[in-house]
Every structure is written in C-alpha cells, then in structure tokens.
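Structure first, commentary second.
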Amino acid sequence: MDLRLDADDLNSCVQCGLCLPHCPTFRVTGDEAMSPRGRIHLMREVQDNNAPLTPEILDSFETCVQCRGCEPACPSSVPYGHLMEQTRESLADVGEMTPLWQRAMLAPLSTPVALKAGSSLLGVANKLNLVPKRLGLPAEVPVRQQPLDSTGTDVYFFTGCVMDAWQRDVHRAGMRVLQAAGIGATPTNELAPCCGALQAHAGLTNQTRDLAEQMMLNLRGDRPILVDSAGCGAAMKDYGHLLGTPTAEAFSARVFDIQEFLADHVRSLPTVEPLDLRVAVQDPCHLRHVQRVHLATRTVLRPFVRELVELEDDGLCCGAGGAYSVLQPELAGQIRDRKVDVINGVRPDIVASANPGCSMHLGNAGVETLHPMQLIDRALTS
Ligand code: SF4
Ligand code: SF4
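Residues -17 to 364 (my numbering) are what the sequence shown spells out, left to right.
This is the structure we're talking about:
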C-alpha cells in the first residue's frame, strides 16, 4: 500500500537504534515493533514491499504515543512525527485506522456549541460517577463558566476546545500574568475553536487543514498568538508544513508558547515573595521534543517559587498523548507509572505542567499539578 510517505524522509533512518531508549513504548515493552526504528521498518515494509496490513502492524502504529521523544535523539534528523502523521492519514483514509466511534468522539471539538453541550453533559455524568475512571476526566468538569474577557490587543490568547471547556482557570491565570507584565490579550474564543491537533493525531488531517484555514482567516494581521497548551502550540506551529503555503508559514511564525513569549518579558513582571514550594518541572513532550522551548518554563518560573527541581528522565513521555490515555489505557498507565516514580523520587510539593493532557493524566494518578501560569499568578496575587 502506498502510505504517501516521502521516500527521502523514510530512507533517512539508518536503523541505528539510538532513539530506542527515548521511546516510552519501547521502554515499557522492550518490543522492537513498539520502537521508532521498528515502526519505521514496518512503514517501509508496507510502502515499499506491499506488506499486508496485519493486526500486528496496525497495532505497532496505533500504540505510538506520537510524543516525538525519538526525534531529538536521532542523529539522522528523521522527521518521525511527520512520517507517523502521514501514515495515520493514509490508513484513516482507507478505513484501516480511527473507526467511526473515534471520529464521532472528535467531532464536537471543532463546534463550540456541541463541545459546550457535550462537556456540560459529561460534567453532570461525572458528578454522578457515571463516567469510567479510566477515561481520565478531571474530578471537576465545569458545567457553567464565566466568559473570558479581553484585556487588550497586544496579543491573541488561544483558548481552544477541551482546555477551554475543562481548564479555563488556566487561561484566566495566563491572561492575568500577561496583564501584570503589561501585555493586553484578546481571547480567541469562537475565532479559533480548535487547533486540530487531536484530529491530526488520529489521521483526520483534512479536518486539521480546514481548522487551520479557518483560524488563519479569523486571526489575520501580525499580532503574536500565545498558546498555553503545549500540544495545541505544537500543532499551530506546524501549519506551515501542513498547508505548505507562505501564508501558513507566516501564521506559524506568529505562534508562541506562553512561557516562550513571557521569557522575554519576565523583567516586566512585578517582584514578589516567591511561593514557598519545591516545584518539579514536567516537560510536556510537545513543548520539549517538538517546540523545543521547554527551558523557557524555568526562566519564567524561577523568580516565583522557592525551588525548581528537574526530573532525571530526559523528558520521557508521561503517556498522556492527546487521546492516547483513553485509547491505549494499559500502555498509557504503564508509561505513567515510570513517570510517577521519577516524580516521587525528587519529592516535590507540586509539579508544574504546561499541557492539559499531561496534567489530567498525572492528576488521575494522584500527582498534584498546576500550570506554570497558575503558579506565577498565585505568587503575584498572594
Ligand atoms: S513518537 Fe514517541 S512513542 Fe512514538 S516511536 Fe517516537 S518516541 Fe516512541
Ligand atoms: S529514527 Fe534515527 S535514531 Fe532511530 S533508528 Fe532511525 S536513524 Fe537511528
């Protein structure tokens, strides 16, 4: 089958295996088919040698977290994330991946009214303990929320879909921190209902393209666009590659993770008493391995907490991976167990995580997390 993979990209893997220790699924299974090298080998077998799509091959592709921890470790700069996204798109196009129920689950994300209604229903069901714990919903799914008001026009503040429905308090904290630095922000709300990251992970890349086009049209101009979810920011920074147009490239260049942007404005924030907390920094994969701006989290947090501690696992994935924790709960749990052990090893008071999926996934294992913006906001207002 033609997976429509770029032959040069595919052949750039020299099968050295240096990426293997950085792959969470290989670390917990020890199985070559669950490693980046094994998955690339299987992509070649399917595309070049017309290997049949056996359940084992599909399982190898479906169990990839798409954390891209393998990319920075690769001496040949294999664009693994793009290879896997294209593989999934090709398989989803012919109905070999992302069955209808998964497509139905993703459908409300791009429609604010449907998302709000679905989220409220989930909130009520969750309160009545009708939602299985393994789905990893936050303990409190907000049913009604106050809207986010604009604080100015210096930057756009991307609000998105699930995060806005479930963690709007993080947006509020981020906007207050920006305001304290003298930066006025316009929340994007209906102008940009969803970035399309989860759809791209599921191989529904045409939906991501449509959402990207819609967002680019609604957020014209040259204002920076700040994002407080690592996964969304990574997806929006990839619109240039996804659409392959100069307009999309220019749009992606306006996208900044909020920590990345604030790192250049940290001196504009008031000097306050640091929070008396030992904070462990958990780097979301899409901040560290994809956007590669994770060091900014330290820059912005350092003045506001007593102590920052690092996790000694080279940024290994926590197993959240967008919808991965729902679709692959067993592997996601095993990967998380390793992360929780590493976190417990440094005995933090709290963990700072700049991605909603990671914080929910870790929260479901009893790890207390806050977004870096919430910690800074707390320091500024206490
Ligand atoms: S993206 Fe993550 S899970 Fe997938 S092969 Fe690379 S390191 Fe492994
Ligand atoms: S993806 Fe890179 S690091 Fe991994 S086996 Fe291929 S060339 Fe080596």
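Where a beta carbon is used, it is the ideal one built from N, C-alpha and C, also for glycine.
**Q.** Residue(s) in a DSSP beta bridge with I358
**A.** Its beta-bridge partners do not exist; DSSP assigns none.
Q) DSSP state of S364, grouped into three classes? A) coil
Q. Within 8 angstroms: the Cβ of Y62 and any heavy atom of ligand 1?
A. yes
Q | DSSP state of E350 mapped onto helix, strand, coil | A | coil
Q.
According to DSSP, simplified to helix, strand and coil, what is S211?
A. coil
Q: Check the C-beta distance from L193 over to L88 and give it rounded, since I have them as a contact under 8 angstroms.
A: So it is not a contact: roughly 11 angstroms between Cβ atoms.
Q: Express the C-alpha separation of A278 and N326 in angstroms, rounding to a whole number.
A: 24 angstroms
Q) Sorted by chain position, which residues of the same chain lie with C-beta nearer than 8 angstroms to V152's C-beta, five sequence neighbours on each side aside? A) M145, D210, P338, H353, M355 and Q356
**Q.** Identity of the residue in D(-9), C176 and N200 nearest Q189 by Cα
**A.** C176
Q) Which value, in whole angstroms, describes the spacing of the CA atoms of L362 and G345? A) 24 angstroms
Q. Hey, E78 and L24: beta-carbon distance below 9 angstroms or not?
A. no
Q) Mind checking whether T11 and G185 have CB atoms under 9 angstroms apart? A) no
Q. Are V248 and V291 close, meaning C-beta to C-beta below 9 angstroms?
A. no
**Q.** Spatially closest choice to L259 from E350, E312 and E172, by CA coordinates
**A.** E350
Q) Is the number of C-beta pairs between the segment 47 to 57 and the segment 92 to 105 that are closer than 8 angstroms three or more? A) no
Q) In three-state terms, what does DSSP make of P256? A) coil
Q. From which residue to which residue does the alpha helix (DSSP H) around A232 run?
A. P228 to A235
**Q.** Length of the line joining the Cα atoms of I240 and L269
**A.** 11 angstroms
Q: Determine the DSSP secondary structure at A217, reduced to helix, strand or coil.
A: helix
**Q.** Assigned secondary structure, E14 (DSSP; H/G/I helix, E/B strand, else coil)
**A.** helix
Q) Beta carbon of D359, beta carbon of A155: below 9 angstroms? A) yes
**Q.** Extent of the continuous beta strand (DSSP E) to which E292 belongs
**A.** V287 to E292
Q: Spell out a yes or no on whether the segment 294 to 306 and the segment 27 to 41 are touching, meaning 3 or more CB-CB pairs, one atom from each, closer than 8 angstroms.
A: no
Q. Hey, V333 and V263: beta-carbon distance below 9 angstroms or not?
A. yes
Q.
Quick check: does the Cβ of I325 come within less than 8 angstroms of any heavy atom belonging to ligand 2?
A. no
Q.
Shorter than 8 angstroms, the distance from the beta carbon of T229 to the closest heavy atom of ligand 1, or not?
A. no
Q) Does the Cβ of A163 have 16 or more other Cβ atoms within 10 Å, making it buried, or fewer, making it exposed? A) buried
Q: Could you name the residues that DSSP lists as bridge partners for I332?
A: V261
Q) Could you give the residue range of the alpha helix (DSSP H) that holds P34? A) Run containing P34: none; DSSP gives neither H nor E here.
Q | R85 vs S102 beta-carbon contact at 9 angstroms | A | no
**Q.** Assigned secondary structure, V275 (DSSP; H/G/I helix, E/B strand, else coil)
**A.** coil
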